[in-house]
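If you want this note's numbering, it's the position in the sequence shown, counting the first as 1, plus 53.
The beta carbon of each residue, even a glycine, is placed where N, CA and C say it ideally should be.
Step one of this worksheet: look at the structure below.
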Amino acid sequence: MFKQNFQGPAQEVLVYREVSLFPISGNNWPVVALALAIGLFLFVFLILPVVTVVFVAFQDPNTGSFTLINFVDFFNNSLFQESSLNSVYVAFMAVVVATIISLPLAYFTTRFNFRGAILIQTLGIVPLIMPPFVGAVAMLLLFGENGSVNLLLSEWLGITIPFMEGLNGVILVEAIHYFPFILINLSAALLNIDRAMEESAQNLGASGIRLFRRIVFPLAMPGYVAGASLVFLKVFDDLATPLLLNINNMLAPQAYLRITSIGISDPMGYVISVILVAFSLFSLWVSFLALKNKDYSTLQKGGGGLMRRDLKPWEMVGCYFVIIFILFLVLSPHIGLALLSFGTIWSFSVFPDAFTLAHYADMFSSAGQYIWNTLLYAGLAALIDVILGIAIAYLVWRTGLVGRKWLDYVSMGAVAIPGVVLGIGYLRTFVEFNVPIVDKPLASWWVIIVIALAIRRLPYALRACVAALQQVSVTLEEAAENLGATKSRTVRRIVVPLMTGGILAGFITSFATAAVELSTTIMLVSAESDAPLAFGIYEYMQSAAGRGPGAALGIVAVLIVGIAAYISHLVINRTEKQRTSSGIRIAEQVGAT
């Protein structure tokens, strides 16, 4: 897209037009070859495994013919019926709890003037850097039947609350981890509301809860629905958290258990996988219907969001009390994990009996391979993602290649594919594909873990690269070509350097999220020497004796993700400041050479 600015007497007019730097001709065969290569990669490692899963789900295990008997058996099985209802219930209730957590944080920090709003928003995003399964055991020690909170409640009030009993534990852990998706999107939506709408409603007599219920929240609905649909998808597809909490009567754990205990020939694992994909697509469709045929636009823009007002002393005390309580709740997994990593014995007590560094010593002596594997796998996966992201973004936005947008659609389709489904698809598709050099099936070679991580995180890197490319003015490329630079040199010396911020953001996002991925990798680890960090944490947490070293390994995972996020923030800010001036300088240098 190319944007031209025309300054009129009253306003700036933006005119967009399509720009094709690579028009279809006989001399752009490298572009066609690149598109075909990317398409082949996506077909083999994304489309084919998913199609295989769907095909096996409708296949008679004895004759190989098409049948619906597998689905009939699924819906006639009481365990699978219960698992389906439990998965929907947990995902829905996690959205409800996440809404209760995020709504006050978003509204208070965008509506009122008080100190610490930025810090509160920042702390509210911190839970995303810890995978839910990592903090699940820590949550048990804090909120379980004999956890710290219930011990205090029993001593002070003579009561206990089943925070972590059964499905409640999964709901609480998932909601605390994923609520930032609602917080981020809802806060952005509240900041985009034209304050004139609020003023008009107040002039007509609306105020307080009525104003929020009838005006503010409906106008912020697009942001809320976007965040809520993400929470539902993530919770519905999560595998590791229910497993660690010993909750097996949900769909994702059932798919994993059927394949790992009975074998890859068991049709029920594939039927459950198809249902998981169908529910993921259904939730996206419902979120689309929730916003269809409704107008959330305002007549003006730039109103500065909701009107901020000062709080009265008693109101400020109430707001701070609610916010501190929520922040303590959402940061409790981090607090519990840190205590567990340093504690000696923590059982039937509010805090560990004593503190030690022995868990970290044990972890580094026995789990070093997990850390190295994670850095290798996540680094390679992120590198693949940014290379594919740059190529797909350029093919889609800078060429006139027929069918180029399908590369974007297919790549983003990985968002709707649960990790356990992709893992099962890889096992079935590549179990008999023998790699000549290593003389082992691709499904049991560590490279398949890298590919799986790359496919799972490709949408993150792609969106970052697309956003970066859209900020690069096409006139810089045209100027360089007019001065004699070839197209390949222009891309290499102008486009890619100017996309550095987005590329690094995509790399670090893919790296950080791939480093703690378990749903896919747990299906593909064939030897402990090939296991990544997330798998190691899961193995440690299976026994009481391994919880201390497992918590220490979890702290390492949190540090890896946190440091990656911090570096990403620094790089993006620095790159944005230099982007405009460096773009002109690079174009001049390329033309001169």
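Ala584 is positioned such that its CB atom lies no closer than 8 Å to that of Glu570. Judged by DSSP secondary structure, Gly589 falls within the alpha helix (DSSP H) whose first and last residues are Leu586 to Tyr593. Between Pro157 and Ile379 the beta-carbon gap is near 6 Å, inside 8 Å, which marks them as a contact. The shortest C-alpha to C-alpha distance from Gly615 to any of Ser137, Ala580, Met594 and Ala568 is the one to Ala568. Taking a contact as a CB-CB distance under 8 Å, the pair Leu448 and Val84 counts as one, their CB atoms being some 7 Å apart.
For Pro83, the enclosing alpha helix (DSSP H) has its first and last residue at Trp82 to Leu95. Note that the C-beta distance between Asp406 and Leu511 is not below 8 Å. The three-state secondary structure of Asp319, taken from DSSP, is coil. Three or more pairs of CB atoms, one per stretch, sit closer than 8 Å, so the stretch 331 to 342 contacts the stretch 277 to 288. With a beta-carbon spacing of about 4 Å, Ala159 and Leu239 fall inside the 8 Å limit used to define contacts.
If you check the CB distance, Ala228 and Ile312 do not come in under 8 Å. Counting only residues of its own chain and dropping the five nearest sequence neighbours on each side, Gly589 has a CB closer than 7 Å to the CB of Ala420, Tyr423 and Leu606. Collapsing the DSSP output to three states places Phe119 in a strand. With respect to the C-alpha of Gly222, the residue from Gln174, Thr175, Ala281 and Ala144 having the closest C-alpha is Ala144. Going by C-alpha positions, Ser497 is about 32 Å away from Ala446.
Counted as a single uninterrupted DSSP element, the alpha helix (DSSP H) harbouring Phe564 occupies residues Thr553 to Ala567. When the alpha-carbon of Leu243 is set against those of Thr397, Ile398, Pro275 and Trp367, the nearest one is in Pro275. For Gly456, no alpha helix (DSSP H) encloses it, and the DSSP letter there is neither H nor E. Contiguous alpha helix (DSSP H) elements confined to the stretch 357 to 433 occur at 366 to 395 and 411 to 419, taking only those with 4 or more residues. In this structure, the alpha-carbon of Phe483 lies about 24 Å from that of Ser563. According to the DSSP assignment, Gln174 belongs to the alpha helix (DSSP H) that extends over Ala170 to Ile178. With a cut-off of 8 Å on Cβ pairs, the stretch 535 to 555 is not in contact with the stretch 125 to 140, counting fewer than three such pairs. The DSSP-derived three-state label of Phe165 is strand. In summary, Trp499 is buried, with 16 or more beta-carbon neighbours lying within 10 Å of its beta-carbon over all protein chains present. From the listed residues Pro271, Tyr323, Ile173 and Ala505, the smallest Cα separation to Ser464 is found for Ala505. In terms of Cβ geometry, Ile237 and Gly280 form a close pair [threshold 8 Å]. Taking C-beta atoms as the reference points, Val474 and Ser326 count as a pair closer than 8 Å. If you ignore the 5 residues before and after Gly389, its C-beta comes within less than 6 Å of the C-beta of Ala191, Leu194 and Leu195, all in its own chain and listed in chain order. Just so you know, the alpha carbons of Met369 and Ala444 end up roughly 51 Å apart. For Gly472, the enclosing alpha helix (DSSP H) stretches over residues Gly472 to Phe483. By the criterion of at least three beta-carbon pairs nearer than 8 Å, the stretch 201 to 208 is in contact with the stretch 401 to 418. Gly222: member of the alpha helix (DSSP H) spanning Leu220 to Leu244, first to last residue. Considering only Tyr430, Asp461, Glu530 and Phe234, the residue with the shortest C-alpha distance to Thr152 is Phe234. A direct Cα-to-Cα measurement between Leu551 and Lys540 gives close to 15 Å. Here Ala617 is not near Leu99, since their CB atoms are 8 Å or more apart. Across the set Arg542, Val324, Asp461 and Met217, the C-alpha of Val324 shows the shortest separation from the C-alpha of Ile122.
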